[in-house]
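Participant: So the sequence shown is numbered by the working numbering: it starts at 4 and just counts up by one. Cβ coordinates follow ideal geometry from the N, Cα and C atoms, glycine included.
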Amino acid sequence: VSAEPVQQPAEVELAKANEALSIMEAKLAELRELKLAETFNTVKNYKTPDSWSGSLKLGINLSQGDSRWAQSYAKGNLEIKPKQSLNYYRLSGSYTYRQTEAANGNEYKSTDKMDAEFTYRRTFWDDWFVQNALGYRADHIKGIDREAQESVGIGYRYKPSSKVNVLFGAGGGVEELDADYEDTRSGFNPLLNVFQEATWSPIKRTTLVQKFNYYINPEDSQQYNYIFSAALRLRLTDLLGFEFSYNKSFDNDVGDGNAQDDVQWRNALVVYF
4 VSAEPVQQPA EVELAKANEA LSIMEAKLAE LRELKLAETF NTVKNYKTPD SWSGSLKLGI
64 NLSQGDSRWA QSYAKGNLEI KPKQSLNYYR LSGSYTYRQT EAANGNEYKS TDKMDAEFTY
124 RRTFWDDWFV QNALGYRADH IKGIDREAQE SVGIGYRYKP SSKVNVLFGA GGGVEELDAD
184 YEDTRSGFNP LLNVFQEATW SPIKRTTLVQ KFNYYINPED SQQYNYIFSA ALRLRLTDLL
244 GFEFSYNKSF DNDVGDGNAQ DDVQWRNALV VYF
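Following this line, the structure appears as structure tokens:
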């Protein structure tokens, strides 16, 4: 009868080390799963202050027909309405980027723009309010390197029912523009502003939202621009929803009389908080 092979001390130690390593890897995997579950539960159960309401929109749109392009879109929005307070705050910002493929196969940047806005409102009598708005935008395809606007105005809120809310107003302020074109508009200029917003919730978890802003230089009626948007929001759960929107931005003069128009249809996933 042949004797069993005797393991060398080095082989025994190597086997023990491999066994210990396997146990450690199993423990680490278990810890990772626990940590991931803990993080998920923390995010799931996290609650913002009752006076806060916000959303994060993320969208990727593709076209594969005669026109081939890929567009990425992100937008954040935060509203703060303290209970029994006359104050209202809103902070929003977005970024849109599109890469288009030409007929010869070359790719080029067809959209590259961003914007941010801070709005403060204070009700002073019934449905009347004063507003202070600070806005920033850049649109490198239009040739707008930087545009900053500061305006103060007065508005009125009309709410015929719990499902409909409309507000409109006007104001004035100043803007600073830095554009690619050589023009007389660059630098600081006065501005007048007309604004309007509307929301309608016809059924539960469905909302129609519309906004319009018009800006004009009172010293030159040819220097004006407006931004119009309309969106349908479907809230699937307390956390997730979808948004389908139409967005139009028109600039009558971004320099030397150059007019620029931009229209986009977007769809996005919405994360509410």
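Could you check whether the Cβ of residue 189 sits closer than 7 Å to any Cβ belonging to chain D?
Facilitator: As a matter of chain content, chain D is missing from the structure shown, which is built from one protein chain.
Participant: Inspect the beta-carbon positions of residue 62 and residue 269 and report whether they are closer than 7 Å.
Facilitator: As a working note, residue 62 is residue 59 in the sequence shown. As a working note, residue 269 is residue 266 in the sequence shown. Yes, these two residues count as a Cβ contact at 7 Å.
Participant: Rounding to the nearest angstrom, what Cα-Cα distance links residue 152 and residue 76 in this structure?
Facilitator: The sequence position of residue 152 within the sequence shown is 149, counting from 1. The sequence position of residue 76 within the sequence shown is 73, counting from 1. Going by the C-alpha atoms only, they are around 23 Å apart.
Participant: Helix, strand or coil for residue 14, going by three-state DSSP, please let me know.
Facilitator: Residue numbering aside, residue 14 sits at position 11 when the sequence shown is read from its first letter. It is helical.
Participant: So, residue 92 versus residue 139, is the Cβ gap smaller than 7 Å?
Facilitator: What you label residue 92 is simply residue 89 of the sequence shown in a count that begins at 1. What you label residue 139 is simply residue 136 of the sequence shown in a count that begins at 1. No, the pair does not count as a contact, with Cβ atoms beyond the cut-off.
Participant: Within the same chain, show all residues whose beta-carbon is closer than 6 Å to that of residue 101, passing over the 5 residues directly before and after it, in chain order.
Facilitator: Taking the sequence shown and counting its residues from 1, one reaches residue 101 at position 98. Only 72, 74, 113, 114 meet the Cβ criterion.
Participant: Taking the C-alpha atoms as reference points, what is the distance between residue 109 and residue 143?
Facilitator: As a first step, residue 109 must be located in the sequence shown, where it is residue number 106. As a first step, residue 143 must be located in the sequence shown, where it is residue number 140. Each residue's Cα considered, the two are about 19 Å apart.
Participant: Rounded to the nearest angstrom, what separates residue 257 and residue 41 at their Cα positions?
Facilitator: Translated into positions along the sequence shown, residue 257 becomes position 254. Translated into positions along the sequence shown, residue 41 becomes position 38. C-alpha separation (whole angstroms): 51 Å.
Participant: Would you tell me roughly how many angstroms separate the C-alpha atoms of residue 272 and residue 65, rounded to the nearest one?
Facilitator: Against the sequence shown, residue 272 aligns to sequence position 269. Against the sequence shown, residue 65 aligns to sequence position 62. Roughly 15 Å between the two C-alpha positions.
Participant: In whole angstroms, what separates the C-alpha of residue 134 from that of residue 261?
Facilitator: Taking the first residue of the sequence shown as 1, we reach residue 134 at position 131. Taking the first residue of the sequence shown as 1, we reach residue 261 at position 258. Spanning the two alpha carbons is a distance of roughly 31 Å.
Participant: Could you check where the beta strand (DSSP E) with residue 164 kicks off and where it finishes?
Facilitator: By one-based count along the sequence shown, residue 164 stands at place 161. That run of the beta strand (DSSP E) goes 147-164.
Participant: Quick check: the Cα distance between residue 216 and residue 104, rounded to an integer number of angstroms?
Facilitator: Counting from one through the sequence shown, the residue named residue 216 turns up at place 213. Counting from one through the sequence shown, the residue named residue 104 turns up at place 101. Using only the alpha carbons, I get a separation of about 33 Å.
Participant: Out of 67, 32, 35, 162, which one is the CA nearest neighbour of residue 204?
Facilitator: Here residue 204 corresponds to residue number 201 of the sequence shown, with the count starting at 1. Nearest C-alpha to residue 204: 162.
Participant: May I ask which residues mark the beginning and end of the beta strand (DSSP E) holding residue 211?
Facilitator: Translated into positions along the sequence shown, residue 211 becomes position 208. From DSSP, the beta strand (DSSP E) with residue 211 extends over 209-220.
Participant: I'd like to confirm the pairing. Which residues does DSSP put opposite residue 140 in its beta bridges?
Facilitator: The count along the sequence shown starts at 1 and reaches residue 140 at position 137. According to DSSP, residue 140 bridges with 118, 150.
Participant: Checking 7 Å against the spacing of the C-beta atoms, do residue 220 and residue 254 come in under that value?
Facilitator: In the sequence shown, residue 220 corresponds to position 217, counting from 1. In the sequence shown, residue 254 corresponds to position 251, counting from 1. The answer is no: Cβ separation not under 7 Å.
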